[in-house]
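Structure, as C-alpha cells:
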Amino acid sequence: MSYHNPFTPPRKSATFDDHTLAEIRRAAATGIYDIRGAGTKRKVPHFDDLLFLGASISRYPLEGYREKCDTSVTLGTRFAKKPITLKTPITIAGMSFGALSGNAKEALGRGATIAGTSTTTGDGGMTDEERGHSQTLVYQYLPSRYGMNPKDLRRADAIEVVVGQGAKPGGGGMLLGQKISDRVATMRNLPKGIDQRSACRHPDWTGPDDLEIKILELREITDWEKPIYIKVGGARPYYDTALAVKAGADVVVLDGMQGGTAATQDVFIENVGMPTLACIRPAVQALQDLGMHRKVQLIVSGGIRSGADVAKALALGADAVAIGTAALVALGDNDPKWEEEYQKLGTTAGAYDDWHEGKDPAGITTQDPELAARLDPVAAGHRLANYLKVMTLEAQTIARACGKNHLHNLEPEDLVALTMEAAAMAQVPLAGTNWFPGKGGF
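With numbering that gives the first Met the number 0 applied, the sequence shown has no gaps in its numbers, which climb one by one up to 441 at the end.
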C-alpha cells in the first residue's frame, strides 16, 4: 500500500528534468536528433566568475578625462607585409551569407566599419556588398571550400583558415535546403534547396606539416601581404595553439563552447568542447613557452557579451576578442517586438534558436526575401556600432581603474576568482587568498 505525504509536494528528478523528458519523447516520436543554432545553454564557468581589483594605494588609477588609455590592436605582425590595425580589439566573428541574410551581412560590415574594426565572411564566399561595406574584411577558408577563389583571397584584408569551431569542434557545418536560395546555391556551387553538410576536416591536409604547406600556398597567392589566421575550437588549446604557431600562423583564433553556430546537433553543442574561460590560459602558456606571446596574436571568442568580458579576456592574455551571437542581438535578433511571431513558431524572444529553418521574424538568419527585408542594414549597422562603442568604453573604463594606459597592459594579477572552478581555469587567486587550485603548473 502506497502513501503520499500531503505535506510534501511531488518531487521531480534532477537527472530526468522536464527538458530531458521532453527530449526523450521527441526522439522516440521522430527517430531523428535535434538540430539548432546558437551556443551551449548549460551554465559553465565564465567571465562572470572573475572580478577586477581596481587601483587604490598599491596601484594608481588613471584619470579618465585627462589620461589616455589606448584600445587599438594590430593583428598579423609576424609575417604579413600588411598587418591590420583596428581601433578596438572587438572584432566580428565569421557568419556566412547563407546562414545570415544579405542585409544582415551588410549591416555587420557597416557597423564594424563605423567602429573601426573587422568583420569576417564565414563559410560560403564573399559577397560584393560585404566587401563594399567592410573597411577590414577577413576571409574564412573552410573545409567546404564553398565560394573559394584566388580573386576573393586577394580582395580580403586577412585570411582565416578554419580548423574548428567552439560549438562543434571536430564537426562540420550545416546549411539546410530551405536556406539554399538561388544566390546561395550559385555562390556555393550547390543545387538549390538541397541540404548542405560540409566536411569536418580540410580535404587536402591532415596535420600540422600539411597545414604549413597550405599557409605558404595562401601567402604566395596573396604575395605575403595578408595576415593568416588559424581558428581552432576549444578542445586542446595548448597543443592546437602550439601547432598553429609551428605551421606559421600570424594569428590564432580560439573559440570556446559558448560560441554559436548556424546549425548543428544539440548533443554536440552541449557536450563537446570546453568553456571559453578554460581555453585562454593554456593557449597563452603555449605562446609564452614558444616565446611568441604578443608576436603571434590571440583572438578569443565564445560568449563575449560586454566590455567587462573583453577586459577579462585581455587580462588573461588575449590580444583581441570576436563576437557573433552578441552582434546578431545588436542587429535585432530575438527582439521582443517580434514576440507574437516567435510564439507562432513555438518559441519566445530570447530563446529562438531554430536559425536553420530560415523563418527568423527579425530577418537576420533567413533567406526569405520578405523576412530579410525587415532588417534595415543602415539602422542595424548603427546599432551594432553603438554596441561596439559601449563595449570598448566599458573595457577602457576598467583598464583605467586598474591603472593601465592600454588594454593590453591588463594582466592576470588584476583579477580574482569567485569560485574554485574559475580560479583553476583562469589560474588567478580565489578572492581573499593568494591561491588557486593547481598553483605551480598545469
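Glycine included, each C-beta is placed from N, C-alpha and C at the ideal position.
Bridge-paired residues (DSSP) for residue 322: As a first step, residue 322 is located in the sequence shown; it is residue number 323 there, counting from the start. DSSP output for residue 322 lists 91 as bridge partner(s).
Euclidean distance between Cα positions of residue 283 and residue 300: In the sequence shown, the residue the question calls residue 283 occupies position 284. In the sequence shown, the residue the question calls residue 300 occupies position 301. Looking at the two C-alpha atoms, the distance is approximately 14 Å.
Distance between residue 48 and residue 431 (C-alpha atoms, nearest Å): Within the sequence shown, residue 431 is the residue found at index 432, counting from 1. Within the sequence shown, residue 48 is the residue found at index 49, counting from 1. Whole-angstrom Cα-Cα distance: 14 Å.
Separation of residue 423 from residue 440, as counted between CA atoms: Your numbering for residue 440 matches position 441 in the sequence shown. Your numbering for residue 423 matches position 424 in the sequence shown. Any reading at residue 440 is ruled out, since the residue's pLDDT is 47, under 50, leaving its predicted position unreliable.
Integer Cβ distance of residue 363 from residue 327, believed to fall under 8 Å: Within the sequence shown, the letter at position 364 stands for residue 363. Within the sequence shown, the letter at position 328 stands for residue 327. Indeed they touch by this definition, with Cβ atoms about 6 Å apart.
For residue 50: DSSP bridge partner residues: Working through the sequence shown from its first residue, we reach residue 50 at position 51. Paired residue(s): 415.
Under the three-state DSSP convention, the category residue 122 falls into: If you number the sequence shown from 1, residue 122 lands on position 123. In this structure, residue 122 counts as coil in the three-state DSSP scheme.
CA-to-CA distance, residue 172 to residue 204, given in whole angstroms: To locate residue 204, count along the sequence shown from 1; it is residue 205. To locate residue 172, count along the sequence shown from 1; it is residue 173. In this structure, the alpha-carbon of residue 204 lies about 18 Å from that of residue 172.
As assigned by DSSP and simplified to three states, the class of residue 278: Numbered from 1 along the sequence shown, position 279 holds the residue referred to as residue 278. Of the three classes helix, strand and coil, the one that applies to residue 278 here is helix, per DSSP.
Environment of residue 85 [buried if 16+ CB atoms lie within 10 Å]: Translated into the one-based positions of the sequence shown, residue 85 becomes position 86. Buried: at least 16 other Cβ atoms inside 10 Å.
Top-ranked residue by Cα proximity to residue 46, from 418, 262, 435, 161: For the purposes of this step, residue 46 is taken as residue 47 along the sequence shown, with counting starting at 1. Closest option to residue 46, Cα to Cα, is 418.
Any beta strand (DSSP E) of 3 or more consecutive residues that is wholly inside the region 318-382: 319-322
Residue 117 classed as buried or exposed, judged by whether at least 16 other C-beta atoms fall within 10 angstroms: Start at 1 with the first residue of the sequence shown, and residue 117 comes out as number 118. Buried: at least 16 other Cβ atoms inside 10 Å.
Limits of the beta strand (DSSP E) - the one that residue 183 falls within: As a working note, residue 183 is residue 184 in the sequence shown. Not the beta strand (DSSP E): residue 183 falls in the alpha helix (DSSP H), residues 181-187.
heavy atom of the ligand NAD below 7 Å from residue 323 C-beta: You won't find the ligand NAD in this model; it holds no ligand whatsoever.
Nearest-angstrom Cα separation, counted from residue 270 out to residue 434: Here residue 434 refers to the residue found at position 435 of the sequence shown. Here residue 270 refers to the residue found at position 271 of the sequence shown. The alpha-carbon atoms of residue 434 and residue 270 are separated by roughly 30 Å.
Residue 306 (DSSP reduced to helix, strand or coil): As a working mapping, residue 306 is identified with position 307 in the sequence shown. Helix.
Collapsed DSSP secondary structure at residue 257 in the structure displayed: Stepping through the sequence shown from its first residue, residue 257 is reached at position 258. Three-state DSSP puts residue 257 in coil, outside helix and strand.
Residue 73 - partner residues in DSSP beta bridges: On the sequence shown, position 74 is the one that residue 73 refers to. Per DSSP, 84.
Contact set for residue 159: own chain, Cβ-Cβ below 6 Å, skip 5 residues either direction: In the sequence shown, the residue the question calls residue 159 occupies position 160. Contacts found: 137, 139, 228, 230.
Contact with chain B by residue 430, beta-carbon distance below 8 Å: Among the chains of the structure shown, chain B does not appear; only one protein chain is present.
Continuous beta strand (DSSP E) assignments of at least 3 residues falling wholly in the region 119-169: 136-140, 157-161
7 Å CB neighbourhood of residue 200 in its chain, flanking five on each side removed: Locating residue 200 in the sequence shown gives position 201, where the first residue counts as 1. Contacts found: 142.
Neighbour-count burial assignment, residue 225, 16 or more Cβ in a 10 Å radius: Against the sequence shown, residue 225 aligns to sequence position 226. Counting Cβ neighbours within 10 Å, residue 225 comes out buried, since at least 16 surround it.
Selection from 425, 243, 306 that minimises the alpha carbon distance to residue 416: To locate residue 416, count along the sequence shown from 1; it is residue 417. Out of 425, 243, 306, 425 has the C-alpha closest to the C-alpha of residue 416.
Beta-carbon gap between residue 254 and residue 232 smaller than 8 Å: Position 255 of the sequence shown holds residue 254. Position 233 of the sequence shown holds residue 232. At a Cβ-Cβ threshold of 8 Å, residue 254 and residue 232 count as neighbours.
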